[in-house]
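Heads up, the thing below is written out as structure tokens.
In this note's numbering, the protein residues as written are 1 to 250.
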């Protein structure tokens with residue numbers, strides 16, 4: 001059986017939705033190719049996730065002063081720990097990544113590249129033999145970098161911030177400014193157990209300075225600390241920073 005028929009030159013096609021492009025975080029992938037040992041950051045299941053800040057749920061706090069206070073992160077030698085610190089900093093509701101500076105020892109340039117993945121600024125400080133020296137240099141570098149700011153928050157190595165860390169600092173900011181005898185506000189309480197300090201509505205004034213995650217005022221730092229950090233603050237802060245000439249500062 002032989003049959004012939006005519007076909008049109010043009011056929012009407014069927015609309016098919018385009019195949020969505022796969023989401024790839026190329027910068028993160030390149031970093032993971034270059035550096036080893038970043039277990040969570042470079043997990044194949046998570047490597048393409050975008051690193052972005054968390055928006056405020058309560059929009060009434062959008063203009064809180066704390067979001068204009070710069071944050072300086074000081075890495076140690078544990079690179080997975082600094083990832084956790086950066087992640088929990090980025091997870092602070094309302095955080096502005098452009099207000100975060102990572103001040104790292106020049107011997108660890110990968111931390112500069114790592115901070116870029118999070119949208120943070122970065123700066124290297126001269127290599128030192130002790131962490132305390134790196135801390136002091138980073139504090140001075142932070143003030144120079146944000147030279148128009150009156151406050152600064154310092155985040156030390158290997159810290160995991162609670163989700164309400166910035167909220168806590170905001171609530172303490174007015175107290176810090178109104179009382180010139182207060183050296184700083186610290187987010188760490190080494191006696192912070194439920195049986196000793198379980199009241200979440202109480203902030204304690206103490207003579208020691210535990211440090212670790214703390215907020216400073218520029219006028220205090222310039223008057224008592226800058227250029228004197230090797231004398232007043234040569235130990236880890238939980239060994240008590242002592243402003244030797246100013247016993248009234250607590």
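The beta carbon of each residue, even a glycine, is placed where N, CA and C say it ideally should be.
For the pair residue 109 and residue 23, the Cα-to-Cα distance works out to about 28 Å.
DSSP, reduced to helix, strand and coil, places residue 102 within a strand of the structure shown. For residue 154, the closest alpha carbon among the candidates 53, 175, 105, 69 is that of 69. The C-beta of residue 62 has fewer than 16 other C-beta atoms within 10 Å across all chains shown, which makes the residue exposed. In this structure, residue 71 and residue 100 form a Cβ contact; the two beta carbons are roughly 5 Å apart against a cut-off of 8 Å. By the neighbour-count criterion, in which 16 or more other beta carbons inside 10 Å mark a residue as buried, residue 5 falls on the exposed side. Note on the region 27-80: whole beta strand (DSSP E) runs with a minimum of 3 residues are 71-73, in chain order. Within the region 93-170, the runs of beta strand (DSSP E) that reach at least 3 residues and sit entirely inside it are, in chain order, 100-105, 121-125, 151-155. The C-beta distance from residue 51 to residue 117 rounds to 6 Å, short enough to fall under 8 Å. Inter-segment contact for the region 8-15 and the region 43-58 is absent: fewer than three beta-carbon pairs are separated by less than 8 Å.
Contact check for residue 17 and residue 57: beta-carbon distance about 33 Å, past the 8 Å limit, so the pair fails to qualify. About 20 Å separates the beta carbon of residue 189 from that of residue 181, a gap too long to meet the 8 Å contact definition. Straight across, the Cα-Cα distance linking residue 42 with residue 77 is about 18 Å. Runs of the alpha helix (DSSP H) lying entirely within the region 173-225 and spanning at least 4 residues, in chain order: 194-197. Inter-residue distance for residue 83 and residue 35 is about 13 Å (C-alpha atoms, whole angstroms).
Annotation: residue 151 to residue 122 spans about 18 Å, alpha carbon to alpha carbon.
Shown here, residue 14 sits in coil according to DSSP, grouped into three states, outside any helix or strand. In this structure, residue 169 sits near residue 187, with a CB-CB distance shorter than 8 Å.
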